[in-house]
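Written out below as C-alpha cells is the structure these notes cover.
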Amino acid sequence: AVTAGGGGGGPRSLRSVCALLARRRVVRALLPLALVWFGLSFGYYGLSTWVAVLLREEGAAGSPYYASPRGTALFFSLAAMPGSLASALLVDRVGRRLLLVAGLSLAAASALALSLHGPVLLLACAFSACSISGWNALNCLSAESFPLEVRATAFSLLSTLGRVAAILAQVVDGSLSQRVPTLLAATSACLALAALGGALAPAPQSSRIRVEELSPQPVSA
C-alpha cells in the first residue's frame, strides 16, 4: 500500500511517489488534475498577490473603469465569501467537475475582460469569487479521484505542484507588472488550460456517499 504517513523520512516518501506513479489508473487521474492545480495556482495566486499593483498601473494607463487599488483589493478578498457559499450549495447539486470547469472558465473570462479594460471592480470580484468556487471543487475532486490507500500521497503531490506554480507566478507577474494587459491575458490562458484539465479529469460519483462506501478504485467519467 502507498501511504503518506509514518516517520520513514525522505526515502520512504520517494518510494511512495514512485509506487503511485507506477499505477496506470492513478496516473490517468493525476495528469489532468496536475494541469488544473498548476494553472489555477499560477493564475489565482499571481493575480491575487499583485492585484493592487496591477490596478494602480491600470489606473495610471488611464482606464475609464479604474477604481482605487486598495478598495478593489479589499473587495477582491471579500468576494471570496459569496464564491465559497455558492460552491458549498452547488458542489453536490451540479457535481465537482462541472462546478470546477464552470468556475475556472468564468475566472478566465473575467481576467480576459480585465485585459480589455473592462469594469475593474466588478471583474476583479467576479474573478475572485469564481476562482474560489473552482478551488473548493478542485479540493473535493482531487481527494475523491484516488483510492484511499494512495489518496494522501496523490493530494500531497498535487499540492506541491500548486506551490511551485504559485512561486513561479510571482516571478512572471513581477516581470510583467508594467504590461498589465499581457499579464492578464496570460492569467486568462492559464485558467483556460486549467478548465480543460478539469474537463478531462475523472468524475467519481461520491456525492452524499460515506467515505467507507467509496470504491477502492477511481471512477472514470
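Residues are numbered in the working numbering as their position in the sequence shown, beginning at 1, plus a constant of 1497. Backbone N, C-alpha and C define an ideal beta-carbon position, used for all residues, glycine too. Please read all numbers here as calculations on a predicted model, not as lab measurements.
Under three-state DSSP, which class holds residue i?
i: serine 1642; result: coil
i: proline 1678; result: helix
i: alanine 1576; result: coil
i: leucine 1582; result: helix
i: alanine 1526; result: helix
i: glycine 1559; result: Low confidence applies to glycine 1559: its pLDDT is 49, below 50, so where it sits in the model is not reliable enough to give any reading.
i: glycine 1540; result: helix
i: alanine 1700; result: coil
i: leucine 1613; result: coil
i: glycine 1600; result: helix
i: glycine 1503; result: The predicted model places glycine 1503 with a pLDDT of 44, which falls under 50 and marks its position as unreliable, so this point remains unresolved.
i: leucine 1673; result: coil
i: glycine 1695; result: helix
i: glycine 1592; result: coil
i: serine 1717; result: With a pLDDT of only 41 at serine 1717, under the threshold of 50, the placement of this residue in the model should not be trusted; the figure read from the coordinates follows. Coil at serine 1717, not helix or strand.
i: serine 1656; result: helix
i: alanine 1498; result: Low confidence applies to alanine 1498: its pLDDT is 41, below 50, so where it sits in the model is not reliable, and the reading given next is rough at best. In this structure, alanine 1498 counts as coil in the three-state DSSP scheme.
Can you check whether the CB of residue j is closer than 8 Å to the CB of residue i?
i: alanine 1662; j: phenylalanine 1535; result: yes
i: leucine 1618; j: leucine 1688; result: no
i: arginine 1590; j: leucine 1638; result: no
i: glycine 1694; j: leucine 1527; result: no
i: glycine 1592; j: alanine 1691; result: no
i: valine 1523; j: alanine 1651; result: yes
i: leucine 1544; j: threonine 1679; result: no
i: leucine 1530; j: serine 1674; result: no
i: alanine 1696; j: valine 1598; result: yes
i: leucine 1654; j: leucine 1537; result: no
i: alanine 1576; j: alanine 1626; result: yes
i: valine 1630; j: leucine 1596; result: Looking at the sequence shown, residue 1630 is not valine but serine. Cβ atoms of serine 1630 and leucine 1596: closer than 8 Å.
Out of the options, state which residue places its alpha-carbon closest to the alpha-carbon of residue i.
i: phenylalanine 1624; options: Ala1605, Ala1599 and Ser1612; result: Ala1605
i: alanine 1621; options: Val1668, Ala1570 and Leu1613; result: Ala1570
i: leucine 1613; options: Ala1640, Val1677, Val1647 and Phe1573; result: Val1677
i: valine 1669; options: Tyr1542, Arg1525 and Arg1521; result: Tyr1542
i: methionine 1578; options: Arg1521, Asn1633 and Ala1686; result: Asn1633
Kindly give me the distance between the Cβ atoms of residue i and residue j, rounded to whole angstroms, as I take these residues to be in contact under 8 Å.
i: leucine 1681; j: leucine 1603; result: So it is not a contact: roughly 15 Å between Cβ atoms.
i: alanine 1608; j: glycine 1540; result: 7 Å
Exercise. Count the C-beta pairs between the stretch 1651-1662 and the stretch 1579-1589 that are closer than 8 Å, then say yes if the count reaches three, no if not.
Key: no
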